[in-house]
Amino acid sequence: MPDNLYDALRESHELQRSLLRKLLRSKAGTQDRISLFKEVRIELHAHEAAEERYLYVPILMDDMGLSSSRHALHEHHQIDELIEDVQKLDPAGVAWVEKAKELSHKVHHHLREEEKKFFQVSGKILSAAQKVKLAKQYRKDYVRMHKVLAAA
Ligand SMILES: [Fe+2]
Ligand SMILES: [Fe+2]
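At position 47 of the sequence shown (counting the first as 1) the number is 1347 in my numbering, and the numbers step up by one without a gap.
And the structure:
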């Protein structure tokens, strides 16, 4: 059975949900909270980059995929801005918790919309052969981005 693009994308989605759950349960001002936030940031950025390159760019080229890909890229940008906002706050403070909740809420909304809508739209645009190839390319870039971001 060849690798499936959507299974590959969902693996990161599940990881994002689990990391965000842990992050919101972390204790104020602890090293645990700081490390979890770093994990969340790297996971979100690595997934977004590889997903933009190997899911949204290919479907952006098709008229049927234009509005979904545009919408998704806009949400990625909003998520990145929330990550930056959290990063500027004191992890021991109340404002940090409020902003981290906002980030978690935004990510959950985005993942749901991708799984319920954008994946279906792209499923009609991409051929079976493209999906197999893109799954491979996505996984490779996701791993590479993890390394690049962890070293930064
Ligand atoms: Fe996404
Ligand atoms: Fe995604």
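From the three backbone atoms N, C-alpha and C, an ideal C-beta is built for every residue, glycine too.
Report the residue from the options whose alpha carbon sits nearest the alpha carbon of residue i.
i, options, result
"residue 1393", "1326, 1450 and 1367", "1326"
"residue 1347", "1373, 1366, 1363 and 1334", "1373"
"residue 1323", "1402, 1358 and 1364", "1402"
"residue 1387", "1305, 1342, 1412 and 1448", "1342"
"residue 1376", "1335, 1404, 1395 and 1364", "1404"
"residue 1449", "1356, 1329, 1340 and 1411", "1340"
"residue 1316", "1337, 1419, 1416 and 1365", "1337"
"residue 1352", "1438, 1328 and 1319", "1438"
For residue i, decide whether its Cβ has a neighbour in chain D, counting only Cβ atoms nearer than 8 Å.
i, result
"residue 1337", "The structure shown contains no chain D, having only a single protein chain."
Quick check on residue i: does DSSP put it in helix, strand or coil?
i, result
"residue 1372", "helix"
"residue 1392", "coil"
"residue 1327", "coil"
"residue 1302", "coil"
"residue 1434", "helix"
"residue 1441", "helix"
"residue 1364", "helix"
"residue 1427", "coil"
"residue 1346", "helix"
"residue 1308", "helix"
"residue 1450", "helix"
Using the Cα positions of residue i and residue j, report the straight-line distance between them to the nearest angstrom.
i, j, result
"residue 1440", "residue 1421", "24 Å"
"residue 1381", "residue 1434", "27 Å"
"residue 1443", "residue 1344", "12 Å"
"residue 1413", "residue 1370", "13 Å"
"residue 1313", "residue 1451", "23 Å"
"residue 1305", "residue 1350", "12 Å"
"residue 1430", "residue 1424", "12 Å"
"residue 1428", "residue 1354", "14 Å"
"residue 1417", "residue 1321", "24 Å"
"residue 1397", "residue 1361", "39 Å"
"residue 1331", "residue 1426", "43 Å"
"residue 1366", "residue 1406", "22 Å"
Answer yes or no: do residue i and residue j have a C-beta to C-beta separation smaller than 8 Å?
i, j, result
"residue 1432", "residue 1303", "yes"
"residue 1385", "residue 1399", "yes"
"residue 1368", "residue 1359", "yes"
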